[in-house]
Amino acid sequence: MRAEPIDYSRIQPEPLALEPLLLATERPDCGALAIFAGAVRNHHEGAAVSHLIYTAHAALCDKIIAAVEQETREQFQVPECRIVHRVGQLGIGDIAIYAVVRAPHRAEAFAALRYAVDSTKHRAPIWKEEFYPDGSSSFVTGCCIADGFEPPEHLKQLPLKANT
Amino acid sequence: MRAEPIDYSRIQPEPLALEPLLLATERPDCGALAIFAGAVRNHHEGAAVSHLIYTAHAALCDKIIAAVEQETREQFQVPECRIVHRVGQLGIGDIAIYAVVRAPHRAEAFAALRYAVDSTKHRAPIWKEEFYPDGSSSFVTGCCIADGFEPPEHLKQLPLKANT
Amino acid sequence: MNIEIQFWGVTARLAGSERRRLSLTESATVADAIELLRSDAALATELPRCAYAVGADLVAPNHSLSEGDELSVLPPVSGG
Amino acid sequence: MNIEIQFWGVTARLAGSERRRLSLTESATVADAIELLRSDAALATELPRCAYAVGADLVAPNHSLSEGDELSVLPPVSGG
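Chains as they are written, first to last, in our numbering: chain A, 45 to 208; chain B, 45 to 208; chain C, 22 to 101; chain D, 22 to 101.
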């Protein structure tokens with residue numbers, strides 16, 4: 045629908061905005077728009093949380109998230125999938141991730157959105173350090189990228205901005 | 045989190061806005077926000093569509109959608125669920141429905157959102173008339189509310205604005 | 022007694038109007054009203070796929086009607 | 022040859038630094054670099070749960086390193 049892919053940064057230090065993602069993905073043939081936003085919670089496993097710091101390997105993230113977007117589009121036959129993740133210090137309620145999927149119908153939009161979010165959480169090199177009211181902090185135990193890791197060819201070959 | 049339930053109209057003739065639904069449902073204990081938007085497609089079952097007219101039995105809709113919101117919150121243990129639907133003439137790309145769910149975690153947010161949207165589509169008394177480029181129109185064949193209909197007690201008893 | 026039928030969606034098109042007055046016996050039910058509407062050939066095939074409401078309450082066929090009730094005829098829905 | 026290790030997430034905390042230079046034999050692989058890092062007791066238990074990247078490419082343990090490579094140590098991720 046648009047003349048060329050819109051370049052955007054998948055890893056951003058600034059507060060995330062939903063509107064640009066919606067504008068960049070508008071399509072008259074898509075009746076379903078499914079959006080996920082992950083916000084910072086004030087608690088984790090029973091402990092109060094005051095804020096978070098996210099760090100990311102931005103270049104590798106960009107490549108892996110681009111691959112997740114492409115897989116999502118291909119596997120679920122959805123024309124549009126975009127994912128952005130914030131880094132730096134985030135307060136309670138701040139948005140850490142947006143994922144947007146557009147599809148002709150809602151069934152594939154829901155399935156694709158779930159895949160996109162889960163895959164990003166499991167594979168993108170992003171780390172969350174939680175800070176507690178007493179000033180202490182800890183890194184949240186997450187998903188091993190290395191679990192059964194066999195780097196798929198397309199992860200090596202995808203151009204950095206393969207989101208057409 | 046808020047002092048009292050925010051009143052809002054579930055059936056609206058004006059263009060739908062997402063922002064008020066997000067503001068009305070903000071909660072520091074919810075890490076997951078899942079949103080569905082249904083937009084008018086330029087095609088349906090292979091035929092080009094120029095625009096739509098939605099009509100709704102507003103009073104019954106409000107009651108049924110309030111019940112869907114409540115069921116969604118109770119069945120999926122999600123603190124927030126809001127659904128709004130537009131009526132009147134809509135052009136291609138216009139948003140006909142927004143559904144918003146907030147939950148501590150994403151798994152229940154995804155499941156709840158799907159339930160909320162599917163239930164609204166199957167049960168809310170709303171009708172879609174499609175208009176084609178040649179000026180003709182037809183009502184879209186939809187879901188029988190009457191299929192196995194046995195009016196559940198809570199549908200009769202719910203106050204109109206039972207969205208606390 | 023008299024009730025008022027309110028036709029929604031495609032049924033308004035089939036009935037040629039959004040409203041119709043119906044005269045029924047005193048103890049009439051929703052099913053009796055449907056039976057009377059079935060004499061309208063244009064509506065007859067659509068009615069079994071419809072749900073019915075009085076005011077803002079969905080009602081079953083055995084629901085008893087009262088003078089002045091507004092009975093909505095709700096064909097299959099297609100929101101979203 | 023010399024390569025540069027880049028520690029991410031909790032591994033930077035455990036290593037006490039985000040970067041460390043490593044001297045390896047000419048034909049060394051990622052596995053050889055990991056083996057050398059295991060001598061750091063603070064890191065030893067975390068390394069098997071890590072993935073590894075050179076530049077912006079994920080690499081397997083048998084990947085051959087080159088002079089000047091930046092090898093990223095990527096502990097379990099927790100984005101979103």
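We put the beta carbon where it would ideally sit given N, CA and C, even for glycine.
Handout entry: Where the stretch 130-153 of chain B meets chain A: residues whose CB sits under 7 Å from a CB there
Key = I136, G137, P148, R150
Practice task
Measure the alpha-carbon distance for S87/D versus L79/D and round it to whole angstroms.
Solution key: 15 Å
Handout entry: Closer than 8 Å to chain B by CB, L77/A
Key = yes
Exercise for the section: Identify which residue in M22/D, A52/D, G101/D, A72/D has its Cα closest to the Cα of R6/D. Expected result: This structure does not reach residue 6/D, given that chain D is present from 22 up to 101, and the question cannot be answered.
Exercise for the section: Show which residues of chain D have a CB atom less than 8 Å away from the CB atom of A103/A. Expected result: G76, A77
Practice task
Select from L134/A, V122/A, E58/A, G137/A the residue whose C-alpha is nearest the C-alpha of V144/A.
Solution key: V122/A
Exercise for the section: Measure from the alpha carbon of S48/D to the alpha carbon of each residue in P97/D, V94/D, V98/D, D90/D, then state which is nearest. Expected result: D90/D
Exercise for the section: For chain A, find out if any of its Cβ atoms is closer than 8 Å to the Cβ of S87/D; answer yes or no. Expected result: no
Exercise for the section: Taking 8 Å as the threshold, find out whether the stretch 155-163 of chain B comes into contact with the stretch 59-71 of chain C through three or more Cβ pairs. Expected result: no
Problem - Cross-chain neighbours of P72/B in chain A, by beta carbon under 9 Å - result: A83, V84, R85, N86, H87, I136, G137
Practice task
Can you grab the Cα-Cα spacing for the pair N83/C / A52/C, in whole Å?
Solution key: 6 Å
Problem - Opening and closing residue of the beta strand (DSSP E) in which Q16/B lies - result: Because chain B spans 45 through 208 in this model, residue 16/B falls outside it and cannot be assessed.
Exercise for the section: List the residues of chain C that F175/B touches, going by C-beta distances under 7 Å, in chain order. Expected result: None at all; the shortest Cβ gap to chain C is about 14 Å.
Handout entry: Proximal residues to T8/C (C-beta, below 8 Å), its chain only, five neighbours per side dropped
Key = The question about residue 8/C has no answer here: the residues shown for chain C are numbered 22 through 101.
Problem - Simplified DSSP state of Q121/A, which is helix, strand or coil - result: coil
Practice task
Output yes or no for whether 8 Å exceeds the beta carbon distance between I141/A and G82/A.
Solution key: yes
Handout entry: Residue-chain proximity (D90/C, chain B), Cβ-Cβ < 8 Å
Key = no
Exercise for the section: Give me whichever residues DSSP pairs with C187/A in a beta bridge. Expected result: V98/D
Problem - Neighbour-count burial assignment, E211/A, 16 or more Cβ in a 10 Å radius - result: Only positions 45 to 208 of chain A appear in this structure, which leaves residue 211/A out of reach.
Practice task
Under 8 Å Cβ to Cβ from E58/A, same chain only, skipping five residues before and after it: list those, please.
Solution key: R130
Exercise for the section: Using a threshold of 8 Å, state whether the C-beta atoms of L96/A and E173/A are closer than that. Expected result: yes
Problem - Exposed unless 16 or more other CB atoms sit within 10 angstroms - verdict on K177/B - result: Sequence check: residue 177/B is Pro here, not Lys. Exposed is the call here.
Problem - Selected residue, minimal CA-CA separation from I132/A, among A100/A, P148/A, E89/A, A155/A - result: Looking at the sequence provided, one finds Gly at residue 132/A rather than Ile. For the residues A100/A, P148/A, E89/A, A155/A, the minimum Cα distance to G132/A belongs to A100/A.
Practice task
Enumerate in chain order the residues of its own chain whose CB-to-CB distance from S44/D is below 7 Å, with the five nearest sequence positions on each side excluded.
Solution key: N23
Problem - Span separating the alpha-carbon of G100/C from that of A74/D - result: 49 Å
Practice task
Check the C-beta distance from D73/B over to R85/A and give it rounded, since I have them as a contact under 8 Å.
Solution key: 6 Å
Practice task
Compute the Euclidean distance between the alpha carbons of E39/C and W29/C, then round it to the nearest angstrom.
Solution key: 7 Å
Practice task
Say whether chain D places a C-beta atom closer than 8 Å to the C-beta of A61/A.
Solution key: no
Problem - First and last residue of the uninterrupted alpha helix (DSSP H) at Y159/A - result: 150-167
Exercise for the section: Tell me whether the beta-carbon of I170/B lies closer than 8 Å to the beta-carbon of V98/C. Expected result: yes
Exercise for the section: Measure the alpha-carbon distance for I127/B versus E113/B and round it to whole angstroms. Expected result: 7 Å
Exercise for the section: Decide if L157/A is buried, meaning its Cβ has at least 16 other Cβ atoms within 10 Å, or exposed. Expected result: buried
Exercise for the section: Count the other C-beta atoms from every protein chain shown that fall within 10 angstroms of the C-beta of Y52/B, then say buried if there are 16 or more, exposed otherwise. Expected result: exposed
Problem - R59/C classed as buried or exposed, judged by whether at least 16 other C-beta atoms fall within 10 angstroms - result: exposed
Practice task
With 7 Å as the C-beta to C-beta threshold (strictly closer), list the residues of the stretch 156-183 of chain A near chain B in chain order.
Solution key: R158, V161
Handout entry: Contacts that G186/A makes with chain D (C-beta to C-beta distance below 7 Å)
Key = P97, V98, S99
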